[in-house]
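For the numbering used here, add 106 to where a residue sits in the sequence shown, where the first one is 1. Just below is one structure, and these are the notes that go with it.
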Amino acid sequence: MARAARASRRTPMRCARRTLRTGRSSPRRAASCSKSTTSTRSDQTMIPTLASLADDLASGRTRSLTLVREALARIEAPGGEGRLAFVKVHREAALAAAEAMDRLRAVGLGPSPFAGIPISVKDLFDLAGEPTPAGSAVLADAAPAQRDAPAIARLRRAGFIVMGRTNMSEFAFSGLGLNPHHGTPASPYDRATRRIPGGSSSGAAVSVADGMAAAGIGSDTGGSCRIPAALCGITGYKPTASSVPLDGAFPLSQSLDSIGPLTRSVACCRALHEIMSGAEQPKHGIGLAGLRIAVPQTVALDGLDATVAAHFARALTTLSKAGAQIIERPFA
Numbered sequence: 107m108a109r110a111a112r113a114s115r116r117t118p119m120r121c122a123r124r125t126l127r128t129g130r131s132s133p134r135r136a137a138s139c140s141k142s143t144t145s146t147r148s149d150q151t152m153i154p155t156l157a158s159l160a161d162d163l164a165s166g167r168t169r170s171l172t173l174v175r176e177a178l179a180r181i182e183a184p185g186g187e188g189r190l191a192f193v194k195v196h197r198e199a200a201l202a203a204a205e206a207m208d209r210l211r212a213v214g215l216g217p218s219p220f221a222g223i224p225i226s227v228k229d230l231f232d233l234a235g236e237p238t239p240a241g242s243a244v245l246a247d248a249a250p251a252q253r254d255a256p257a258i259a260r261l262r263r264a265g266f267i268v269m270g271r272t273n274m275s276e277f278a279f280s281g282l283g284l285n286p287h288h289g290t291p292a293s294p295y296d297r298a299t300r301r302i303p304g305g306s307s308s309g310a311a312v313s314v315a316d317g318m319a320a321a322g323i324g325s326d327t328g329g330s331c332r333i334p335a336a337l338c339g340i341t342g343y344k345p346t347a348s349s350v351p352l353d354g355a356f357p358l359s360q361s362l363d364s365i366g367p368l369t370r371s372v373a374c375c376r377a378l379h380e381i382m383s384g385a386e387q388p389k390h391g392i393g394l395a396g397l398r399i400a401v402p403q404t405v406a407l408d409g410l411d412a413t414v415a416a417h418f419a420r421a422l423t424t425l426s427k428a429g430a431q432i433i434e435r436p437f438a
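Set out below in structure tokens:
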């Protein structure tokens, strides 16, 4: 179960109110907020899905250049969170890429249905020609990367447009989202008191919640996609470890790190994961007969959302029917 894919769903404003002010939260408190599935944020429905954006682009209702300009306007808005959510903005490159995607689409050569959609990339991914500081100051002048990380390269080949690098907890070593060098973006649920966005993929979550990107690409070792997604009212996904290549991503734990998306919905996360993992690669299944799976009986399951609990129970039943032995064990 430790390597199973996990998703965090939208959290209501009451969870944000329960979160301590910037600098004084805890991963346990943040994780508890992910149990709820309904957001009370008034503009939640305004965050578009990747499918809806793809439909709009295909029908001509919008253009990539329009989407990128709108994203840039939000990033650069005076008094907005763009200066804290992003550590570097690829303004000119994004505009040029959008124009190119619009031209390709006009002649039927768009590389994928998602071509021209703006995304953000966490500061720990290699981008060709740039250092990879991973939210730190000490690596700000590191040698530039020779090539994009494979996960990012695959997204670019699909036509996604990288708006820039997003803020994060330094070296991804925190679930709070604080950064002493670049500042800390605030959760969209309580900007007045500057409540934490969660981390370590803090800027990725805020970039999506504030419409600066349709999706953010982050990393997750112990909650770094799921925690900020929960605190910012979007969806974060930790895929099975190593299902997306870790090359070109600054490591926190090589055996536990996963590269995952933060976006509007589970369906959006799935679409991005299939691209980043390289869906063309064959997947080899293994038999489950005799496999022992421990289900920890801890506070992690207390107060679980009814919908999540039902799906969890259904998954255990499916595994059991396939031959796995489900063992409920108390864990301290």
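Beta carbons: idealized from backbone N, C-alpha and C, even for Gly.
According to DSSP, is residue i part of a helix, a strand, or is it coil?
i: A164; result: helix
i: V372; result: helix
i: S325; result: strand
i: A319; result: coil
i: V350; result: coil
i: G342; result: strand
i: A177; result: helix
i: G281; result: coil
i: E380; result: helix
i: I333; result: helix
i: A157; result: helix
i: F313; result: Note on identity: in this sequence residue 313 is Ser, with Phe being the wrong assignment. Helix at S313.
i: R134; result: Reliability fails at R134, whose pLDDT of 34 lies under 50, so the model's placement of it is uncertain and the value that follows must be treated cautiously. In this structure, R134 counts as helix in the three-state DSSP scheme.
i: P250; result: coil
i: P184; result: coil
i: S361; result: coil
i: A355; result: strand
i: S142; result: In this prediction, S142 has a pLDDT of 31, which is less than 50 and means its spatial position is unreliable; what the coordinates show is noted afterwards. Here S142 sits in coil by DSSP.
i: G129; result: Caution applies to G129, whose pLDDT of 37 falls short of 50 and renders its modelled position unreliable; the value that the coordinates give is listed next. Three-state result, G129: coil.
Would you check if the distance between the CB atom of residue i and the CB atom of residue j is smaller than 9 Å?
i: V312; j: P291; result: yes
i: A355; j: H287; result: no
i: A373; j: T155; result: yes
i: A234; j: P250; result: yes
i: F220; j: L282; result: no
i: S307; j: N285; result: no
i: G317; j: E176; result: yes
i: P351; j: P402; result: no
i: L173; j: G214; result: no
i: I392; j: L425; result: no
i: E187; j: R301; result: no
i: G366; j: Y343; result: yes
Just to check my reading of the structure: residue i and residue j have Cβ atoms closer than 8 Å, yes? What is that Cβ distance to the nearest angstrom?
i: I225; j: I323; result: 6 Å
i: V227; j: R271; result: 6 Å
i: T327; j: A278; result: 7 Å
i: A310; j: L368; result: 5 Å
i: H379; j: P345; result: 5 Å
i: D208; j: S170; result: 5 Å
i: A430; j: L394; result: 4 Å
i: L245; j: S325; result: With 8 Å as the limit, L245 and S325 do not qualify as a contact, their Cβ atoms being about 16 Å apart.
Can you name, in chain order, every residue of its own chain whose Cβ lies under 7 Å from the Cβ of residue i, other than the five neighbours on each side?
i: R197; result: L178
i: S359; result: T327
i: V195; result: I181, M269, G270
i: S275; result: G241, L282, G283, L284, N285, G305, S306, S308
Residues in the same chain with beta-carbon distance under 8 Å from residue i, minus the five sequence neighbours each way, listed in chain order, please.
i: P217; result: L210, R263, A264, G265
i: S361; result: A347
i: S371; result: T155, T341
i: L190; result: N273, H288, G289, T290, P291, A292, G309, V312
i: A157; result: A373, C374, A377
I'd like the list of long-range same chain contacts for residue i, defined as Cβ closer than 6 Å, with 5 residues on each side in sequence excluded.
i: L126; result: Reliability of the predicted coordinates at L126 is poor, the pLDDT of 30 falling under 50, and the value obtained from them is presented with this limitation in mind. Taken in chain order, the list of residues that qualify is empty.
i: S349; result: S383
i: D162; result: T168
i: R253; result: A234
i: I153; result: R370
i: A428; result: L394
i: A248; result: P237
i: V193; result: D229, R271, N273, H288
i: A385; result: none
Is the shortest distance between the beta-carbon of residue i and the beta-carbons of chain B less than 9 Å?
i: T168; result: Of the protein chains in the structure, only one exists, and it is not chain B.
Fully enclosed by the stretch 186-242, which alpha helix (DSSP H) runs are 4 residues long or longer?
-> 188-191, 197-212
Margin query: For a minimum of 3 consecutive residues, which ranges assigned as the beta strand (DSSP E) are wholly contained in the stretch 259-310?
Written below: 267-272
- Task: Go through the stretch 385-435 residue by residue and report every complete run of the alpha helix (DSSP H) that reaches 4 residues or more, in order.
- Result: 412-427
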